[in-house]
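Here's the structure we're looking at; comments come further down.
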């Protein structure tokens with residue numbers, strides 16, 4: 265734990281992960297790294313940021329992304345790995361054939377809006393090219409944070425993603 269070492273006091277990290285088995289998705293996360301699902305032209309955030317802004321705004325945060333994007337406490341984390349005992353969120357649901365998952369850090373979602381992400385995810389091309397375009401969009405938008413993205417597409421009957 266970071267708090268056990270004076271040199272690391274206050275340090276922590278965020279994480280988002282996905283486990284795909286057959287037609288099922290299990291998501292685990294801590295902090296503000298996100299998982300989005302993109303299917304049939306619709307992009308939906310599958311995680312909820314562990315930030316003071318989300319805590320204060322409650323359900324309004326999901327209904328009004330602009331309020332969240334400009335809130336002064338949007339970067340203040342309430343839950344991270346490495347400090348005390350984190351609250352690890354876990355959820356499960358089924359997957360649809362062709363569904364695309366985007367796992368990303370706040371260096372992506374803080375600067376690239378969901379409409380742009382949906383447009384990038386709907387582009388023709390291989391998954392690596394699409395992922396590269398997501399990272400490039402974040403860098404071009406001036407991200408000053410860790411810019412990490414991973415894209416997975418579920419293919420029914422393939423036995424794996």
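Numbering (our numbering), first residue to last: 265 to 425. Where a beta carbon is used, it is the ideal one built from N, C-alpha and C, also for glycine. Just so it is clear, the structure is predicted and the values come from calculations on it, not from any experiment.
In the three-state reduction of the DSSP assignment, residue 356 falls in the strand class. Between the beta-carbon of residue 366 and that of residue 302 there is about 7 Å, and that keeps the pair under the 8 Å contact cut.
Beta-bridge annotation (DSSP): residue 277 is paired with 345. At a Cβ-Cβ threshold of 8 Å, residue 395 and residue 381 do not count as neighbours. Taking residue 300 as the centre and dropping the five residues before and after it, the same chain places the C-beta of 307, 309 and 366 closer than 6 Å to its C-beta, in chain order. In this structure, residue 373 sits away from residue 293, with a CB-CB distance that is not shorter than 8 Å. With respect to the C-alpha of residue 340, the residue from 269, 421, 416 and 277 having the closest C-alpha is 277. Residue environment: residue 386 is assigned as exposed (fewer than 16 neighbouring CB atoms within 10 Å of its CB, all protein chains considered). The DSSP-derived three-state label of residue 334 is helix. Distance from the CA of residue 286 to the CA of residue 363, rounded to the nearest whole angstrom, comes to 13 Å.
Beta-bridge partners of residue 310 (DSSP): none assigned.
Judged by DSSP in its simplified three-state form, residue 413 adopts strand. Note: residue 293 is bridge-paired with 280 and 353 in the DSSP secondary-structure output. In this structure, residue 370 lies away from residue 342, with their beta-carbon atoms at least 8 Å apart.
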